[in-house]
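Here's the structure we're looking at; comments come further down.
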Amino acid sequence: MWHQIDTVVILRQNMRQKTQSVEDEKLRTALENMRYKACTTADLAFLRTRVAGTAPGQPDVGHPRYRHQSIITAWNSQKDEINDLGSKKFARDTGQELQYFYPIDEPVIPRERPKGRPTLKRQKFRNKLYLKKLSPRLRERLWSLPPSTNDQHIPGRVGVCLGMPIMIRYNEATELCMTRGQEGTVVGWQSKKGPHGMPVLDVLFVALTDPPQNVKFDGLPENVVPLTMNTVSIHVSFDSGWSTSITRRQIQ
4 MWHQIDTVVI LRQNMRQKTQ SVEDEKLRTA LENMRYKACT TADLAFLRTR VAGTAPGQPD
64 VGHPRYRHQS IITAWNSQKD EINDLGSKKF ARDTGQELQY FYPIDEPVIP RERPKGRPTL
124 KRQKFRNKLY LKKLSPRLRE RLWSLPPSTN DQHIPGRVGV CLGMPIMIRY NEATELCMTR
184 GQEGTVVGWQ SKKGPHGMPV LDVLFVALTD PPQNVKFDGL PENVVPLTMN TVSIHVSFDS
244 GWSTSITRRQ IQ
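Numbering of the sequence shown is given in the numbering used here, commencing with residue 4 and proceeding in unit increments.
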C-alpha cells in the first residue's frame, strides 16, 4: 500500500478560522506550531492568556455569548453528556420542547459463528451475542445507551428543536460545504413513523453558519442544506460485559 503513494500533502494553513484580529493571528500561529511540536515562548504565553477563570483579564465561560458555543472534550463520554445537557438547555432557554427521533436498528447475522475452544484470534468473539432479531425490550435498551457504548458513537435517539446549534459529523459533500466540523442551526425537518412504531428523523434541514462559500439547493433558502439518513454497522457493548453487532440507520 505504501509503495502506491507518490505525493504527500501537508496541511500548513488553518482553513476554518480566518478572521484577522491580532489575537486570531496569534491563535493561528500557535495552532500551526502545535502540529510540528514547535511552539515558541510567545505561543505559550498567548495560550496561557486564554485559560478560563475568574481572575481579571481571564476569559469568562459564564458569559452569555459562550452559553451555546461548541466545546472540544477529551473523552467521548464527556461529549455525550455535554450534548445531552446542552440540547435540553437550549430548548429550555428558547421555550421549546425537544422532539425525539429514534434510529432503525437491525441485528447483524454473521455468516459463521466461531466454534471450538477460544483462541487468541477468537478473543473478540467471547461474550458476544449473535441475534436473529431484536426484541422490543432489547431495542429500547439499545436506544437508551449513550453513544460512547458503540464503536461509531452514534446516538440511540436524537433530540432536536428549531434554532438548535449543531455540527456536521462527516464530509457529506465538500463542494457544498457539508464538511466535518461545519457548524449550523436547525431550521426544520421531515420525519416519519418507523417500522417499530417510533418517530424517525428522515431529513434534517440545517442553515450553515459562515460557510466558506454560499450554497443553494433547489427549493431551499441559500446556505440551507439537507442532512439525510445513512446506515452504519456498529458494535455495541453492554454494562454486563456482553456485546452485539447491529446496523443503525440514523442521521448522524
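Don't be surprised by glycine CBs; every beta carbon is placed ideally from N, CA and C. None of these values were measured; they are calculated from a predicted model.
Q | Simplified DSSP state of residue 97, which is helix, strand or coil | A | Here residue 97 corresponds to residue number 94 of the sequence shown, with the count starting at 1. It is coil, neither helix nor strand.
Original post:
Once you ignore the five residues that flank residue 157 on each side, which residues in its own chain have a CB closer than 8 Å to its CB?
Top reply: Counted from its first residue, the sequence shown places residue 157 at position 154. Answer for residue 157: 106, 150, 235, 237, 251, 253, 255, listed in chain order.
- request: Give the C-beta separation of residue 108 and residue 13 to the nearest angstrom, bearing in mind that I take them to be a contact with Cβ-Cβ under 8 Å.
  value: Here residue 108 refers to the residue found at position 105 when the sequence shown is read from its first residue. Here residue 13 refers to the residue found at position 10 when the sequence shown is read from its first residue. Incorrect: roughly 41 Å between the Cβ atoms, too far for contact.
Pick from 30, 36, 64: whose alpha carbon is nearest that of residue 49? In the sequence shown, residue 49 corresponds to position 46, counting from 1. Of 30, 36, 64, the residue nearest in Cα terms is 30.
Next on the checklist: For residue 138, count the other beta carbons within 10 Å of its own beta carbon; 16 or more makes it buried, fewer makes it exposed. Which is it?
Outcome noted: Counted from its first residue, the sequence shown places residue 138 at position 135. Classification for residue 138: exposed.
Check your understanding: Between residue 210 and residue 190, which are expected to be in contact by the criterion C-beta below 8 Å, what is the C-beta distance as a whole number of angstroms?
Key -> Numbered from its first residue, the sequence shown carries residue 210 at position 207. Numbered from its first residue, the sequence shown carries residue 190 at position 187. Contact holds; Cβ gap of about 5 Å.
Could you compute how far the alpha carbon of residue 85 sits from the alpha carbon of residue 51?
Counted from its first residue, the sequence shown places residue 85 at position 82. Counted from its first residue, the sequence shown places residue 51 at position 48. Cα to Cα, the separation comes out at about 24 Å.
Worksheet item: Looking at C-alpha atoms only, which residue of 79, 140, 59, 92 is the closest neighbour of residue 72?
Response: Walking along the sequence shown from the start, residue 72 turns up at place 69. It is 92.
Problem set entry | Residue span of the alpha helix (DSSP H) that contains residue 47, given as start and end | The residue given as residue 47 occupies position 44 in the sequence shown. Residues 44 to 52.
ask   = Helix, strand or coil: which one does DSSP assign to residue 123?
value = Taking the first residue of the sequence shown as position 1, residue 123 is located at position 120. Below a pLDDT of 50, predicted positions are generally treated as unreliable, and residue 123, at 46, falls in that range; the measurement from the model is reported next regardless. Residue 123: helix per DSSP, three-state reduction.
Worksheet item: Is the Cβ-Cβ distance between residue 205 and residue 232 less than 8 Å?
Response: One-based indexing of the sequence shown puts residue 205 at position 202. One-based indexing of the sequence shown puts residue 232 at position 229. Yes, they are a contact pair.
| Reduced DSSP secondary structure (H/G/I, E/B, other) of residue 185 | The count along the sequence shown starts at 1 and reaches residue 185 at position 182. Coil.
Item checked: Identity of the residues DSSP links to residue 193 by a beta bridge -> Working through the sequence shown from its first residue, we reach residue 193 at position 190. DSSP lists 206 as partners of residue 193.
- Message: Considering Cα atoms alone, identify which of 227, 242, 43 is closest to residue 192.
- Response: Locating residue 192 in the sequence shown gives position 189, where the first residue counts as 1. Of the candidates 227, 242, 43, the one whose C-alpha sits nearest the C-alpha of residue 192 is 227.
**Request:** May I have the straight-line CA-CA distance separating residue 36 from residue 43, to the nearest angstrom?
**Result:** Position 33 of the sequence shown, counted from the first residue, corresponds to residue 36. Position 40 of the sequence shown, counted from the first residue, corresponds to residue 43. Taking the straight line from one Cα to the other gives about 8 Å.
In terms of DSSP beta bridges, what is residue 277 paired with?
Outside the shown range of the chain, which is 4 to 255, sits residue 277, and nothing can be said about it.
Tell me the residue span of the alpha helix (DSSP H) that contains residue 139.
In the sequence shown, residue 139 corresponds to position 136, counting from 1. Start and end: 139 to 147.
- Between which two residues does the alpha helix (DSSP H) containing residue 30 stretch? In the sequence shown, counting from the first residue as 1, residue 30 sits at position 27. Segment 25 to 38, the alpha helix (DSSP H) holding residue 30.
- Item | Range of the contiguous beta strand (DSSP E) that encloses residue 109 | In the sequence shown, residue 109 corresponds to position 106, counting from 1. Unbroken beta strand (DSSP E) run through residue 109: 107 to 110.
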